Each structure stands twice: as structure tokens, then as C-alpha cells.
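Enquirer: FYI, the numbering for the sequence shown is -19 to -1, 1 to 223, going by mature numbering (1 follows the signal peptide of the UniProt record, and there is no 0).
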Amino acid sequence: MKKLTLLISLFVHSWLSFGQDETPSKVEKNQINFYATDAINGLYTLSYERALGKHISVNLGFGYKTEEGLIVLSGIDTDQLKTNNLTYSGYKIVPEFRYYLNESLNGAMLSGFYFGAYLKYSDFKSDLIGTFINSEGESFDIAYKGDIAITSVGLMVGYKLPIGKHFFVDFLIAGPGSGSYKFKLDNTIPPPDEFYEVLNQALENYSIFDLINADFEFNDRNLRSNFSVLSFRYGISIGYSF
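1. Need the endpoints of the alpha helix (DSSP H) that Asp19 sits in, please.
2. Do Tyr215 and Leu142 have their C-beta atoms closer together than 7 angstroms?
3. Alpha carbon to alpha carbon, how far is Ile114 from Gln61? Give it in angstroms, no decimals.
4. Buried or exposed: which applies to Ala155, given that a residue is buried once 16 or more other Cβ atoms fall within 10 Å of its Cβ?
5. List in chain order: all unbroken alpha helix (DSSP H) runs of 4+ residues lying wholly within the region 104 to 186.
6. Helix, strand or coil for Lys35, going by three-state DSSP, please let me know.
7. I'd like the list of long-range same chain contacts for Thr64, defined as Cβ closer than 6 angstroms, with 5 residues on each side in sequence excluded.
8. Span of the beta strand (DSSP E) holding Arg205?
9. So, is Gly220 buried or exposed, given that buried needs 16 or more other C-beta atoms within 10 angstroms?
10. Going by Cα to Cα distance, which pick from Lys73, Leu86, Leu41 is closest to Gly34?
11. If Phe176 sits next to Ile123, beta carbons under 8 angstroms apart, how far is it from one beta carbon to the other, in whole angstroms?
12. Kindly indicate which three-state DSSP category Val75 falls into: helix, strand or coil?
13. Using three-state DSSP, classify Gly88 as helix, strand or coil.
14. Mind checking who Phe197 pairs with in its DSSP beta bridge?
15. Verify whether the separation of the beta carbon atoms of Ser120 and Gly158 is less than 7 angstroms.
16. State the CB to CB distance for the pair residue 237 and Pro76, rounded to an integer number of angstroms; the pair is presumed to be in contact (CB under 8 angstroms).
17. Rounded to whole angstroms, how far is the Cβ of Leu24 from the Cβ of Gly44, which I believe are closer than 8 angstroms?
18. Where Thr59 and Gln182 are concerned, what is the direct C-alpha to C-alpha distance, given to the nearest angstrom?
19. Can you give me the C-alpha to C-alpha distance between Val39 and Glu30, rounded to a whole angstrom?
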């Protein structure tokens, strides 16, 4: 009887040990990210990444831009047109597709070098307030509400570095692409006749627009302007996987 009891005990112990060995480890397929570099300019961005296999994931980001930030865009300052500093607020949505060179191991979230593609849509609003002086030396107050919609598509390459069991630092090294810019103005104070010619020239010579050779065509019958330019993404985010 004692031998039988001992054999049964050994069998039960072996069976329980086998069952524990076969218990699969938890697979981490989800990650929440906060973009640290965006916050420098008052843009607070979170994203959700979902692993779809051993190499592939999809990521969806949403960011909200406040008017605050370390980067300040100086206003237009010409002989005839002077405006306030340019601040803007709004949001952006960024879906991504990623392919990681390394396989996911032991259920851990995907990490290492990756490349992929992205689509980014941004919509920002800004106020343009200032003073215009016509050719006869007369001074006029100007006030506009502006809307900027940007759609960009491109490719990207980056590296996700594990810094703990659940934490990662994601370096988006380069994200070249093409962006379509759509500008819209709504005037709250009607301007004089020659204002738009001066405004278009001032915008084309404005620092960031001068670099991309933008062509503005605002006039009293058309308060919209569109153009396409090269775009670029980069950044650093901190992520938590679960």
C-alpha cells in the first residue's frame, strides 16, 4: 500500500510538473507610446502599436498641438506688412505599417531595426493679426483666421531599443515623404485692394516657405492656396508593452 501511494504521488508530481512546463509564456502584442520630442513644441502625441506576427506591426498615433512650445515662429515683418508672432493649434493622426528585421522571441514585443510606411494628416488653426501700410502710406488693421491642412505619405526607418521587461525607446531615424499643404484664410476685417499682392510676396519670402519655394496665390476672390513639397519625420518615443 505504501508503495502504491508513493507511485501515485510520483505520478501526480510528474504530471503537475509537465503541465507547468507546457504553460505558454504571455505574448505581448500591444504597446503604448509617448513621443518625447513632440512635447518640446507643445505637441502631445500618443500611439498604440499592435503586433500582427513575428515581424509585422501596425501603429496608430494621435497628437494634439497647443499654442505653447519652445519653437516660436516670428511674425511677418516687411516695410508694408507687420504681424504678430505665428502660433497655431490643432491635431494630427498618423497610421503606420512596420516590418521588423528581428523576430519576436519568447512572446516579447517586437524590437530592433524596422522599416515601413506612414500616412500623416494634420489640421492646424492660427490667427494672423497685424498692420498693413498701402502705397500711399495709409495704415490698416488686418485680422485673419487661418486653417492649414497637411496630408503626407512616406517611408521610414527606425530602431526600437528595449530598456526593461516592458519598456522601450523608439528612435524614428528618418521618415522622408511628400506633403500636400492646403491653406485657407477667413478675413474678419476687409483689407484694402493691394493687400493680397503684398501678403503673397511676404509669405513666399518668409523663412520656412522660402526654403521650400512655396507659391501663394491669395486674392480677394480666392482665400485658398495649395502646394506640395517634400516632408520629413523623425523623433524619439517611450513605450510600454503589455
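Every residue gets a Cβ at the ideal spot worked out from N, C-alpha and C, and that includes glycine.
Please read all numbers here as calculations on a predicted model, not as lab measurements.
Expert: Walking through what the data contain:
1. It spans 17 to 20 - the alpha helix (DSSP H) in which Asp19 sits, taken as one unbroken run.
2. Going by C-beta atoms, Tyr215 is not nearer than 7 angstroms to Leu142.
3. Cα-Cα distance, rounded: 5 angstroms.
4. So Ala155 counts as exposed.
5. As summarised for the region 104 to 186, the continuous alpha helix (DSSP H) elements at least 4 residues long and confined to that stretch are 176 to 186, given in chain order.
6. DSSP places Lys35 in coil when its eight states are reduced to three.
7. Contacts found: Gly56, Ile57, Leu109, Gly111.
8. 205 to 222 is the extent of the beta strand (DSSP E) around Arg205.
9. By the neighbour-count rule (16 or more Cβ atoms within 10 Å), Gly220 is buried.
10. Of the candidates Lys73, Leu86, Leu41, the one whose C-alpha sits nearest the C-alpha of Gly34 is Leu86.
11. In this structure Phe176 is in contact with Ile123, their Cβ atoms being roughly 7 angstroms apart against a cut-off of 8 angstroms.
12. The answer is strand: DSSP assigns Val75 an E or B state.
13. Annotated three-state conformation of Gly88 is coil, per DSSP.
14. Looking at the DSSP assignment, Phe197 forms no beta bridge with any residue, so it has no partner.
15. Their beta carbons are not under 7 angstroms apart, which means Ser120 does not touch Gly158 by this criterion.
16. Since the first and last residues shown for the chain are -19 and 223, residue 237 lies out of range.
17. That belief holds up - the Cβ atoms of Leu24 and Gly44 are roughly 5 angstroms apart, short of 8 angstroms.
18. For Thr59 and Gln182, the distance between alpha carbons rounds to 10 angstroms.
19. Cα-Cα distance, rounded: 6 angstroms.
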